[in-house]
Each structure stands twice: as structure tokens, then as C-alpha cells.
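Undergrad: Position one of the sequence shown corresponds to residue 810 (this note's numbering), numbered consecutively onward.
Quick one: this structure, given as C-alpha cells, is what I'll be asking you about.
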Amino acid sequence: MTPPTVRQVTWRALRARRGDLARLCGWSLVEALPALLAGLLVARAVDHGFLAGRLVDGLAWLAVLAVAVLVGAVATGRTYRSLGALVEPFRDEVAAQVVRGALRDATRAGGRPDSAAMTRLTHQMEIVRDTFAGLLMVTRGFLFSAGAALLGLLALAPVAAALAAAPLVVGLVVFLAALPAMVAHQRAYVRAGELLGRSAATALAGHRDVLACGAQARVTSDVERRVSAQAAAERTLARMAVVRSLSLGIGGWSPLAVLLVAAPWLVDRGMTAGAILGALIYVSTGLQPALHTLVQGLGGGGLRYAVTLENILRVHPDPPARGEATPGPRPPTGPVGGAPAAEVRGLTFRYGPSAAPVLRNFSLTLADGDHLAVVGPSGTGKSTLAALLAGLVPPQEGTVHLAGVPVADTAPAALARLRVLLPQEAYVFTGTLADNLRYLRPDADDDTLEAALDALGARPLATRLGGLAAPVVPALLSAGERQLVAAARAWLAPAPLAVLDEATCHLDPALEATVEAAFARRPGSLVVVAHRISSALRAERVLVLDGNAPTVGTHEQLLTRSATYRALVGCWDEPRTPLRVAERQG
């Protein structure tokens, strides 16, 4: 998807708030009243007042100018209110886009958290907000102030207006011609800052590995290289100030020099002393400050706005609107008839290019309705296999199919309809208990929620909280209570495959047995990454991962075929006889 341009986003934001923009322009017009009248009123005060010997008349003209200045000051305050109505909603929209994009990238299959997203949301977002406001102010200031000064100068003395306008136009042309180069240097500066932040974050996050591997010099050199690149980009950007100064010299100061040099000629053509003074006032208090503000604003804040927002839009483009086509693999129309619940073929996964594979050429078929427990020592790939089955990480080699659908080619929304993953760290959000339970099944009625609570042994917890409508504060729940709420939510999900990755480790054995029994009765298939031997005893099949060749079988078969499994059974601190009784009773 092609990201929108800065121009498109800016115009869209302004069109969406045409009323606020109209109010800003209206107050700006009133604010420009002193710029329009200053030269004319000063000329009248000088020619028809002070030079004519009429002091009172001269002071009266200046009093009119003072009133115009007061009216303009009131309008200035109003412009900032209108500016806030334009800027703050725009900032919120872009910030929401950054958050949506960061979450989308981090939660897609194979996605990773983006350490630069925080920079975009804080530092870069504030740059966009401030520079957008500054851009609006300098642009409308130049249009209204310079326009009012030129109109007043034209009404006062058309010849003087022509003399002042010519160098003003030349200065603007010089500045606009240099803008593309300024944008390129500003873009390089922003990119260098982002690369420096990413490099520093990577170095800090892996400082233990860096020390362990003796790679301090290499990592330090990389960070130093990024610092030098950012410093060079900033120096280049600072040199562009010369172009801005040249533009101001031509367009801002040259009109004053031209009028002063041409003053005798203008007097010979009948221009009065008051008119010359008024023309100088129009240039010095109207045209020159307006051009200075425009050049400094566009050359500084405007460039930062364009490049920073361009960077945000490039990394976090707007998601397509409803009804628009989304590039990439199409979501599946449904499971392929007769396909296994899950099928893994030739799976290889490692956590780094030089790391040993956690899983190597691994294959597994999970039939519809199957109940599989995964056991093994720590670090042998149990949670990795759960993440691969759920499509959270992509394998380096091999394929994963759920209900005949390839996980790698399935959109996240469609993938969520095929499987539900319940991790060890259960997530419960602030809201009612019913809101938490309906998260994966919004259409569930209260009776269905009550049935889930009863099936998973969560009725005492619901009663203690105050029922389905009771508010849930995650910080006030124990780890086991959070796991129980998350388990009920996952049990209600319509996905045919449930993957429990040590999702009941904080529950007592009796409640854990109730939860697993409820999932076993649930339509579909079940994979349990076990942390107690009782989970393996309840399963129809057990997969043993020990860093060597994986072994699959029943509990009795594995006691004979797998030394690792026998060691695990002997090390698990649980009585075996009651568990076998519980299994037969289930």
C-alpha cells in the first residue's frame, strides 16, 4: 500500500476542519488591520498634521492607528484558540496512526516490537504537532500581513509598491528554489537520529550478550558511527541557514535600501515626506517581518514537519478503509474439508543465524479432536512450538497448516478464527467480567458466559467479584485468577484449535484438572504445553522434546521408549496414583 503524502495528509486535515480554518482566517484578517493601515495613517499624520502645523490632527491619526493595533491584538489571541482547534485533533489522529501501526507490526505473524516507534510517538510526534502549528501561523501570517502591507503600499504610492515588491519576489524565488535541497538534508537528519536511537536501543538491550561475547569494541564502534552520521547531518542542515539569510537579505532588506536610494527620485515625482515614511513603515513593519517569519518558519519548522511526518507515514501508513482491497495473501474462505487440525512438515527454527536450531526438520500431525501434551526440559522448544503453531513466529524452514490452511499465507484476522493461544502470562483488561469473557466471542449471551464459568470452575471467582457486570481491576487479581479469566475467554472462542502454553501454571492441581477437562470436552483439538505430569497423564498423546529427536506416544509407550520422559516423570513432584484415578474418573 502506497503511504499518503505529507501534502495529502495536511490538506485532508484542513478540509476536515474547514470551519475552524475559516475562523482562523477571519481572525487573521482582523489581526492584519494594523499592517494595512499603519503606513497610510502615519503618512496622514505627518503630511496633514505635524508638517502642516496641526498637532491635534496628527495625534488623532496616530490615535486611530493605536485603536487598530488594539483590535489586532485582540484578534491575535483569538487566532491561537482557532489554531488549537486545528492542531490538537490532527496530533491525536497521527498519534493514533502510530500506535495502530506499531501494534499491527508487532502482532502480525513474524512481527517484532519496533524500538523506534516510541521515538515517533514522543519526540517525532511533538515535532509534528509543534511544526504543524508553526507552519499554519507563519503561512497565514505571511499571506495576511504581507498582503495587507502590499495593499496599503499600493494605495499609498503605486510606484513605491513596485520598487518594494520586485526584490521581495526575488528573495522568495531564491528561497523556494533551495527548498528541495533543504528537505533532503532534513530527511537525512531525521533518518540519522532514528538509526542512532535504534542502534543505541539494540546495544543497551543486549549489553549482557555483548559483554559475554567480548564485542564491546564492535558495538561501541557502530554506535559511534551513528553518532557521527547524525552530527554530520546536523552540520549540513545548519549550513542551509546561509541560504535563508541570503533570501532575507534580498527580499527583506533590499526593499528598504531601494526605497531610500530612490527617495529623491520619488520626491521629484510628487511623493510627500509622509508618504515616503509610510512606505518605509510598510516595508519595515509589514513586508520584512512577514518574509523573515516565512523563511525561518518554512526553512526550520516547515522542513521538520514535512520530513518527520513523511517518516511516520512511511513506517505507519493508514490501514485500508473498509471495502478497499488489501495487498498480500487473501484470507482463507474456510478450512479445507477433511484436513487435520494441524499439520507441521519439515519445521526448522532457530533464534539467530548462528544459533543451534530449537527445532530441526520437525513434523507432526494433529487430528481433529486430538488432545496432545508437550513436555520436555526447559529450553527444548515447547513454547516455540506453540508460537509456531499459532503463527506468531515464522519458521526458517518447513510449513505449518491449520485445518488445511497455510499459516504463512493467512491474514491475522483469519488466523484468529482457526486457533486460540493461551499463554502463561494471562492478559486481563480493565472492564467488566463479561467484557473480558466476550472479547473473543462478542455475540455470546449471558447464559453462555455463565456456562463457561461453571465449566472451568470459575464460579467462585465470579461470585467474589460480583457477577458478570462486576468491574475487573487486573492489579487486584492474583496470577491464578487472571489465568482463570483468560482460560474462560479462550474456551468461549470459536477457533477449533486451542493451544495452552503453561496457561494453568498458577492454578492448583484440582482447578487445573477442571480447566483442562473443560478444554478436552470442547469441540476441536487441544495442545497443552505441560508443566505438571498430570497434564501428560490426561492427554491422549504426549510429545517429548529434549533437544534430540522428538518422541510421540501415549504415557505408557513413552515410559518404555523415552529416557527423558521417564526422568521427567520421576522428577515431577506429584503423587502418581491419585492422578491416575482422576484420569479414569474424567
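We put the beta carbon where it would ideally sit given N, CA and C, even for glycine.
In terms of residues, what are the limits of the alpha helix (DSSP H) holding Gly-961?
TA: 956–965
Undergrad: In its own chain, which residues sit with a C-beta less than 6 angstroms from the C-beta of Val-1216, not counting the 5 before and 5 after it?
TA: Gly-1200 and Val-1209
Undergrad: If you scan the segment 1074–1101 from start to end, which runs of the alpha helix (DSSP H) of 4 or more residues do you find wholly inside it?
TA: 1082–1091
Undergrad: Looking at the strands, I want to know which residues DSSP matches up with Trp-1350.
TA: The question names Trp, yet the displayed sequence has Arg at residue 1350. Paired residue(s): Leu-1181.
Undergrad: What are the boundary residues of the beta strand (DSSP E) that includes Val-1209?
TA: 1206–1211
Undergrad: Please tell me whether Pro-1149 and Leu-1175 are closer than 8 angstroms, where the distance is taken between their beta carbons.
TA: yes
Undergrad: So Ala-1182 and Val-1337 are supposed to be a Cβ contact under 8 angstroms. How far apart are they, rounded?
TA: Between Val-1337 and Ala-1182 the Cβ distance is about 5 angstroms, and since that is below 8 angstroms, they are a contact.
Undergrad: Give the secondary structure of Asp-1310 by DSSP, where H, G and I count as helix, E and B as strand, and everything else as coil.
TA: strand
Undergrad: Can you tell me where the alpha helix (DSSP H) holding Gly-1200 begins and where it ends?
TA: Gly-1200 -> no alpha helix (DSSP H), and no H or E assigned at all.
Undergrad: From Glu-1346 to Thr-1117, what distance separates their C-alpha atoms?
TA: The displayed chain sequence assigns Leu, not Glu, to residue 1346. Cα to Cα, the separation comes out at about 58 angstroms.
Undergrad: Is it true that the segment 842–855 meets the segment 1071–1084, where meeting means three or more beta-carbon pairs spaced less than 8 angstroms apart?
TA: Under the Cβ criterion (8 angstroms, minimum of three pairs), the segment 842–855 counts as touching the segment 1071–1084.
Undergrad: Quick one: residues in its chain with C-beta nearer than 8 angstroms to the C-beta of Phe-859, no 5 flanking neighbours on either side, listed in chain order?
TA: Gly-867
Undergrad: Is Thr-1272 helix, strand or coil by DSSP?
TA: helix
Undergrad: Hey, out of Leu-981, Pro-1359, Met-946 and His-994, whose CA is closest to Leu-833's CA?
TA: Met-946
Undergrad: Could you spell out the range, first to last residue, of the alpha helix (DSSP H) harbouring Gly-848?
TA: Per DSSP, Gly-848 belongs to the alpha helix (DSSP H) from 842–854.
Undergrad: Our contact map puts Ser-1056 next to Val-1104 with C-beta atoms below 8 angstroms; I'd like the distance itself, whole angstroms only.
TA: 5 angstroms
Undergrad: May I ask which residues mark the beginning and end of the beta strand (DSSP E) holding Phe-1158?
TA: 1151–1158
Undergrad: Where Leu-1301 and Arg-827 are concerned, what is the direct C-alpha to C-alpha distance, given to the nearest angstrom?
TA: 47 angstroms
Undergrad: Is the segment 1036–1052 in contact with the segment 999–1013, if contact means three or more CB pairs nearer than 8 angstroms?
TA: Enough Cβ pairs lie closer than 8 angstroms, so yes.
Undergrad: Can the beta-carbon of Leu-1211 be found closer than 8 angstroms to that of Leu-1306?
TA: yes
Undergrad: How close, in whole Å, do the beta carbons of Ala-957 and Ala-869 come, if the pair is a contact with beta carbons under 8 angstroms?
TA: With a Cβ gap of about 22 angstroms, Ala-957 and Ala-869 do not count as contacting.
Undergrad: Determine the DSSP secondary structure at Val-1167, reduced to helix, strand or coil.
TA: coil
Undergrad: Rounded C-beta distance between Val-1229 and Val-1281? I'm assuming under 8 angstroms.
TA: That pair is no contact at about 20 angstroms.
Undergrad: Only counting the same chain, and skipping five residues up and downstream in sequence, which positions put a Cβ closer than 8 angstroms to that of Leu-846?
TA: Excluding positions up to five away in sequence, the list reads Val-873, Leu-874, Ala-877 and Gly-961.
Undergrad: When the Cβ atoms of the segment 1284–1291 are set against those of the segment 1308–1326, are three or more pairs found closer than 8 angstroms?
TA: yes
Undergrad: Note down, in chain order, each residue of its chain lying with its Cβ closer than 6 angstroms to the Cβ of Tyr-889, except the 5 sequence neighbours on either side.
TA: none
Undergrad: Do the segment 1353–1360 and the segment 1185–1195 meet, that is, are 3 or more Cβ pairs less than 8 angstroms apart?
TA: Contact between the segment 1353–1360 and the segment 1185–1195 is present, with at least three C-beta pairs closer than 8 angstroms.
Undergrad: Does DSSP classify Leu-1231 as helix, strand or coil?
TA: Strand, per DSSP.
Undergrad: Apart from the five residues on each side of it in sequence, which residues of its chain come closer than 8 angstroms, Cβ to Cβ, to Gly-1110?
TA: Asp-939, Thr-940, Gly-943, Leu-944 and Val-947
Undergrad: Give me the residue from Leu-1005, Arg-1053 and Leu-1046 with the minimum Cα distance to Val-1036.
TA: Considering only Leu-1005, Arg-1053 and Leu-1046, the residue with the shortest C-alpha distance to Val-1036 is Leu-1005.
Undergrad: What's the call for Arg-1273, buried or exposed, on a 16-neighbour Cβ count within 10 Å?
TA: exposed
Undergrad: Measure the beta-carbon distance from Val-1153 to Arg-1159 and round it to whole angstroms, keeping in mind my assumption that it falls under 8 angstroms.
TA: Between Val-1153 and Arg-1159 a beta carbon distance of about 16 angstroms is seen, past the 8 angstroms cut, so the two are scored as non-contacting.
Undergrad: Among residues of its own chain, excluding the 5 on either side of Thr-814, which ones have a beta-carbon nearer than 8 angstroms to its beta-carbon?
TA: Glu-1119 and Leu-1122, listed in sequence order.
Undergrad: Excluding the 5 residues preceding and the 5 following Arg-1169 in the sequence, name in chain order all residues of the same chain whose CB lies nearer than 7 angstroms to its CB.
TA: Thr-1157
Undergrad: Applying the criterion that 16 or more other CB atoms from any shown protein chain within 10 Å of the CB defines a buried residue, is Arg-1298 buried or exposed?
TA: Per the 10 Å Cβ criterion, buried.
Undergrad: Rounded to a whole number of angstroms, what is the C-alpha to C-alpha distance between Val-1107 and Gly-1058?
TA: This sequence places Leu at residue 1107; Val is not what is there. Distance between the alpha carbons of Leu-1107 and Gly-1058: 16 angstroms.
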